Amino acid sequence: RASSNEKKIYFLFASQMIEYARDTDTLSTLFHTDSLQFGLSGDEESIYFAENSTLYKYNISHGTKEKVIDGVFQLAVSDDEELIAFEDKESKEIWLYYPESGQTEKIADLHSIDSNLSFGEEGSFLLYTDYKYSIVPGNMKIRIRLYDLEEKTTLTAYKGDYSENIRTVLLR
53 RASSNEKKIY FLFASQMIEY ARDTDTLSTL FHTDSLQFGL SGDEESIYFA
103 ENSTLYKYNI SHGTKEKVID GVFQLAVSDD EELIAFEDKE SKEIWLYYPE
153 SGQTEKIADL HSIDSNLSFG EEGSFLLYTD YKYSIVPGNM KIRIRLYDLE
203 EKTTLTAYKG DYSENIRTVL LR
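Just so it is clear: in the sequence shown, position 73 is 125 by this note's numbering, and no numbers are missing.
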């Protein structure tokens, strides 16, 4: 992820969060993590990431890591970084977290975890998948859903069998 002025680029490499400063052509290790998902805050001062079912906020200038919320399995950060969607592993729910205020809002109950969260480009929708076991043993159903962040309504965009091999869904 690049900063808005593109002077710094942040990326994961071999369990390390790396900061690349373009003007000095230098790489710095910010912290170590097993996380594969992260987002840069809107003010570009912090990096949000989930590790061991906990959402953390890393302050770039101070080099400190702060615990934000427990129970986070999957996460997605909106393009404007003003909203974080996450999947609660224990309750099998999708929640929205507003970093500015610290407020959370439950938006969906899931049948199983691993919901492939993705914000639409303009931030007005959240796309997620929901898997449900059918009455036929070994057969799972998949639903691709769109949550309208303004209207607070959910639309089912697709229903089908898990065997159709849909693993990653992005909304753009």
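Beta carbons: idealized from backbone N, C-alpha and C, even for Gly.
Nothing here was measured: the structure is a model prediction, and the numbers come from that model.
Around the beta carbon of GLY91, a 10 Å sphere encloses 16 or more other beta carbons of the protein chains shown; the residue is thus reported as buried.
Annotation for SER113: GLU97 place their beta carbon closer than 8 angstroms to its own, counting only its chain and skipping 5 residues before and after.
Note that the region 115-129 touches the region 139-155; at least 3 beta-carbon pairs, one per stretch, sit closer than 8 angstroms.
For GLY212, the enclosing beta strand (DSSP E) stretches over residues 205-213. DSSP places LEU178 in the uninterrupted beta strand (DSSP E) bounded by 177-185. For ASN111, the enclosing beta strand (DSSP E) stretches over residues 106-111.
Proximity to THR205 across THR106, ALA160 and LYS141 peaks at ALA160, based on C-alpha coordinates.
Here the alpha carbons of GLU134 and LYS141 stand approximately 22 angstroms from one another. The continuous beta strand (DSSP E) containing ALA102 extends over residues 98-103.
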